[in-house]
Structures are given as C-alpha cells and as structure tokens.
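Have a look at the structure below before the remarks.
Number of protein chains: 2
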Amino acid sequence: MSALKLANLPESTRRLAETSPTLPEGVRPSGPRGIVLDAALRLFAEHGFAGASIRDIAQAAGVQPATFYAHYPSKEHLLADLIRIGHEAHHQRLRAALLDSSPDPRQQLMAYVRAHVRMHCELSMLAIVANSELHVLNAELAGPAATLREQSTQLLAEVIERGRRAGVFSVPDTWLAVAAIGGMGLRVAYWFSSHHELSAETVADTYAQFACRIVGVHDSNGVQK
Amino acid sequence: MSALKLANLPESTRRLAETSPTLPEGVRPSGPRGIVLDAALRLFAEHGFAGASIRDIAQAAGVQPATFYAHYPSKEHLLADLIRIGHEAHHQRLRAALLDSSPDPRQQLMAYVRAHVRMHCELSMLAIVANSELHVLNAELAGPAATLREQSTQLLAEVIERGRRAGVFSVPDTWLAVAAIGGMGLRVAYWFSSHHELSAETVADTYAQFACRIVGVHDSNGVQK
DNA sequence: GTCTATATGAAGATAGAC
DNA sequence: GTCTATCTTCATATAGAC
Numbered sequence: 001m002s003a004l005k006l007a008n009l010p011e012s013t014r015r016l017a018e019t020s021p022t023l024p025e026g027v028r029p030s031g032p033r034g035i036v037l038d039a040a041l042r043l044f045a046e047h048g049f050a051g052a053s054i055r056d057i058a059q060a061a062g063v064q065p066a067t068f069y070a071h072y073p074s075k076e077h078l079l080a081d082l083i084r085i086g087h088e089a090h091h092q093r094l095r096a097a098l099l100d101s102s103p104d105p106r107q108q109l110m111a112y113v114r115a116h117v118r119m120h121c122e123l124s125m126l127a128i129v130a131n132s133e134l135h136v137l138n139a140e141l142a143g144p145a146a147t148l149r150e151q152s153t154q155l156l157a158e159v160i161e162r163g164r165r166a167g168v169f170s171v172p173d174t175w176l177a178v179a180a181i182g183g184m185g186l187r188v189a190y191w192f193s194s195h196h197e198l199s200a201e202t203v204a205d206t207y208a209q210f211a212c213r214i215v216g217v218h219d220s221n222g223v224q225k
Numbered sequence: 226m227s228a229l230k231l232a233n234l235p236e237s238t239r240r241l242a243e244t245s246p247t248l249p250e251g252v253r254p255s256g257p258r259g260i261v262l263d264a265a266l267r268l269f270a271e272h273g274f275a276g277a278s279i280r281d282i283a284q285a286a287g288v289q290p291a292t293f294y295a296h297y298p299s300k301e302h303l304l305a306d307l308i309r310i311g312h313e314a315h316h317q318r319l320r321a322a323l324l325d326s327s328p329d330p331r332q333q334l335m336a337y338v339r340a341h342v343r344m345h346c347e348l349s350m351l352a353i354v355a356n357s358e359l360h361v362l363n364a365e366l367a368g369p370a371a372t373l374r375e376q377s378t379q380l381l382a383e384v385i386e387r388g389r390r391a392g393v394f395s396v397p398d399t400w401l402a403v404a405a406i407g408g409m410g411l412r413v414a415y416w417f418s419s420h421h422e423l424s425a426e427t428v429a430d431t432y433a434q435f436a437c438r439i440v441g442v443h444d445s446n447g448v449q450k
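Those sequence lines, one after another, are chains A and B.
All residue numbers for the first sequence refer to my numbering, where the first residue is 1 and numbers rise by one.
All residue numbers for the second sequence refer to my numbering, where the first residue is 226 and numbers rise by one.
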C-alpha cells in the first residue's frame, strides 16, 4: 500500500465504519510508543496486517521507519501486542459482567451479550484486529490470545448450558447458539462507529434481547416494539 | 508470504476451517484458468488478498508467475472476479429462495436464512473472500458487488418489515434485526467445513429457527429441544 | 530514541523466445 | 499460452551517527 493510496481511501468501500482508533483505558503507552500503537491499530483494522507496511505505520505516527524498531522488534510483535490487548480487554469485560450479574441464567446471558457487544462497539478496531488477524501470528505469539478466546467462548457455553439444565432455555444445540450469539455480536464491530445514530448501549441492549430470544426466552422487559 | 510459510501453515491458528476451495456450479472455467481461480480462492481466503502473492498463487496452481498474466490483467482483477462470483451466487440463491417461498413472512424469513447460511457453508471460502476483501478493490471494480450486497440486505429488511406490518414479527429495530441475522449467518463461513459433524442443512435449519426467534416468532416446527 | 542511509529480499508486472 | 529472464518498486530490517 503506497502513501498515495492511503490518502485516496475515501474512493473505495471501507472495511469498517469507525475512523478513529481506541485503546482500552490504562493500556495505551504514553509518548511515541502510544502514537505508533494507535497508528498501527487503525491501519491494521482498515487494511489488515499484510496490507499495512512499517512505512505506512511510521508515516501515520509521524516518525521514520527505523524509529519503529526502537519500540518493537518486528511488525509481527506489534500485531501480537494489539491482539493480546484486545483479547485481554474482551475477556476481562465478559468476566466482570458475569461476576456482577445475578446467578439467574437469563440475567447472565444478557450481561454477557451486553458486555460482548459494547466491547465490539467501543473498541471496534481492536476487536477487528484481534479477531481477523490472529491467524497471521505464529503458534508461540498466538497461543495466549487463542487460549483467552476459547475461555471467553466457554463462558457463554456454560451460561447457556446452565440455562438449559435449569429448564429456562430451550435450544437445539448449545454450540450453535454460542456461534450464533457470539457471531452476531462480533459483526457489530464492522458497522458500528462512534458517530452511529444508535448508541452502544442501545445496540447492546437490543442484541441482549435477541440472544434471549435465540435461547427461547420470551420478553419480560428490555426494548420492545 | 514465502513458500516456506505456506508449507508450515498447520503450526498457526487458521483463519477458517475449510481447506478445499469450492466455486459455484457452472462458473468455474475449465483448464488452467480454473486451476488458477481455485488456487487464488484458497489463498485469498486463508491469507487475505495482501497476504497472498502472485508467486504463491502461481505455485499453488502449478504454473509460472508470468503465466498468470495470460489469464488476468492484474492481481486486483482476479480478486474482482472472485468477489463478483461470490456476490452473484449469494444474491441469486437468496432471490431464488424467496421466489420459491410462500408469501408468509415467517416462511420467507426461514427461506432467506436457510439460503444465506447454506451459501456460507457450501461456498465458505468464496463468502469469506467476497465479504472481507471487497474493501481492497477500487470504486469501479467494487461497485457491482457493493450494489448486489445492498440489494441482498434490502431483501431481508423487506421481509422483516412485511412481517412487522402484518403483526407477525415483533422487533425493536428492523435494521438491527437485519444486522444480527445477516451477521450470525456470515460468521458460519469461518467455522463450518465440509467435514463438520453437523450438515449444512442442519446448521441452516437451526439458524432459520434462531432468526424466527429474533423477530419474535415462537416455534411451531423445526429443530427443538 | 531518533535520525539518514542502506542491505537484502520479495512484490507486481513485462519482454520476448518458443 | 507458457516459459525464462528481468525491470522496478516496495518490503522488512539493520548500521551507525547524533
């Protein structure tokens, strides 16, 4: 990708709606390293890992390409850092949501989905990079994130299984429900942006209602028309 | 991506479960052009457009890199061809499903989702490339596919709107229901494979049931537990 | 830490023989 | 149509001055 193409982006269909990179509270390094991380987050989200070069990232960060290597040993390590941050933020929010929830399976499901969707709204670039570029990393660098991903999926599976055993949920296949609920939330990162007419809260609440319906729970509160 | 990395793929997390490229009936060219198209489909699906080189594609197809240019004027035109094929196959299947369906909104929704999900099972690599690489194309090459995509989305929106007006469906926001139902089906392409323990039919039927539930329709038939 | 300059290889694409 | 050979640009990454 040339610098010229970067400037001409608006002419082509965008990969995602969001235009500004956001990193979770407290993890963004100060100084040039944070600027480089922001630039890489945006460019990896928009063009993918292979579609954004060190030169592109350095230019977007306002430094020379060689300066990048004062902060990261390689482009792949930079990606690994972003993917780690993304998976940790995701998993931590899910776990916190479940810990704050009442033990009722329906409340747990709604808490999980709300946190899942809110993360994909508020950290959409990070979610896209973490989800769609993990395959680029070698086994050693991908391992920790892959483990977190599996644990996050497992959390949802357990919520649904508990609801089934309690006779509250009714689904033909737990794994398919997990895939459907997780997948629909994941896709939010591509069309949501901080300028969307709907708020992240509204989207999260509505998707939580959709998730309840998927597992066969009728509405008792929440958004309705 | 080097040839060496290609051979070592199993060591890293895969982007998708499917391993063999499939093109829709009747559109795969015979001879070397079809072999090149198959090779590009697999490599673009696994590594993305920017992550697969002409040299990789040529090697996978068993020809020299220069031979590629006897069939396509550029790498971007090859991608445009795959994306066109994918969007046309998707749209044609959706339209056929709706035409074959009774006018009942619930039947139409199930027909749409079944076709949507089956396409993402049976042509998973094509769906991934068409969906996740469109942003690479310039406006001229992306235009036709973007139009088809919008029309396919609009079809689902109209089905849901009709169901709402008929008082059969109950959703807080048509667009969010479209995004959720479309998105969960799209994600199937990443985890389904021709060797999956569940059949494409089973997945499609279950997702059709999920879609009915999302729009607030109770079960009357279909998979249930 | 940041720079200029550069080593080394891989990228897309073409020339021209057969 | 396919090949060998090659042009040109861009890639990741490093050396070494400040």
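Glycine included, every Cβ here is placed at the ideal spot set by N, Cα and C.
Here the structure is a predicted model, which means the values were calculated and not measured.
Here's the rule I'm using: 16 or more other beta-carbon atoms within 10 Å means buried, otherwise exposed. How should A239 of chain A be labelled?
Nothing about residue 239 of chain A can be read from this structure; chain A reaches only from 1 to 225.
Scan the region 36-68 of chain A and note each continuous alpha helix (DSSP H) run of 4 residues or more that stays entirely inside, going in chain order.
54-61 and 65-68
How about V203 of chain A and V171 of chain A: are their beta carbons less than 8 Å apart?
no
Out of A:R95, A:A39 and A:A115, state which residue places its alpha-carbon closest to the alpha-carbon of L79 of chain A.
A:A39
For a cutoff of 8 Å on Cβ pairs, would you count D56 of chain A as touching chain B?
no
What would DSSP say about Q209 of chain A, mapped onto helix, strand or coil?
helix
Taking all protein chains shown into account, do 16 or more other C-beta atoms lie within 10 angstroms of the C-beta of A291 of chain B, making it buried, or fewer, making it exposed?
exposed
Roughly how many whole angstroms lie between the Cα atoms of R164 of chain A and A96 of chain A?
Their backbone Cα atoms lie some 23 Å apart in a straight line.
With L16 of chain A and L37 of chain A assumed to form a contact (beta carbons below 8 Å), what rounded beta-carbon distance in angstroms separates them?
Actually they are not in contact, since the Cβ atoms of L16 of chain A and L37 of chain A sit about 18 Å apart, beyond 8 Å.
Return the first residue and the last residue of the alpha helix (DSSP H) that L79 of chain A is part of.
K75 to D100 is the extent of the alpha helix (DSSP H) around L79 of chain A.
Below 8 Å on the Cβ atoms is my guess for L126 of chain A versus I181 of chain A; work out the distance and round it to an integer in Å.
No, L126 of chain A and I181 of chain A are not in contact; Cβ-Cβ is about 20 Å, not under 8 Å.
Could you list the residues in the region 294-312 of chain B with a C-beta less than 7 Å from some C-beta on chain A, going in chain order?
none
Counting beta carbon pairs with one atom in the region 411-421 of chain B and one in the region 183-195 of chain A, are three or more of them shorter than 8 Å?
yes
With a threshold of 8 Å between beta carbons, is V147 of chain A in contact with chain B?
Note that residue 147 of chain A corresponds to Thr in the displayed sequence, not to Val. Not one chain B Cβ lies under 8 Å of T147 of chain A.
Of all the CB atoms in chain B, is at least one closer than 8 Å to the CB of L37 of chain A?
no
Kindly list the residues whose CB is nearer than 8 Å to the CB of L362 of chain B, restricted to its own chain and excluding five residues on each side of it in sequence; keep chain order.
Sequence-distant Cβ neighbours of L362 of chain B in its own chain, meaning closer than 8 Å and more than five residues away, are E301, L304, A305, I308 and A370.
Using CA coordinates, which residue listed in A:V63, A:A115 and A:I54 is at the minimum distance from P73 of chain A?
A:I54
For V403 of chain B, name the three-state secondary structure that DSSP assigns.
helix
Which residues mark the beginning and the end of the alpha helix (DSSP H) in which H120 of chain A is found?
P105 to E122
Where does P397 of chain B fall in DSSP's three states?
coil
Considering Cα atoms alone, identify which of A:G51, A:A208 and A:L148 is closest to R114 of chain A.
If we check each option's Cα against that of R114 of chain A, A:A208 comes out closest.
At a Cβ threshold of 8 Å, is Y207 of chain A touching chain B?
yes
Whose C-alpha, out of B:D325, B:T372 and B:R438, is nearest the C-alpha of H312 of chain B?
B:T372
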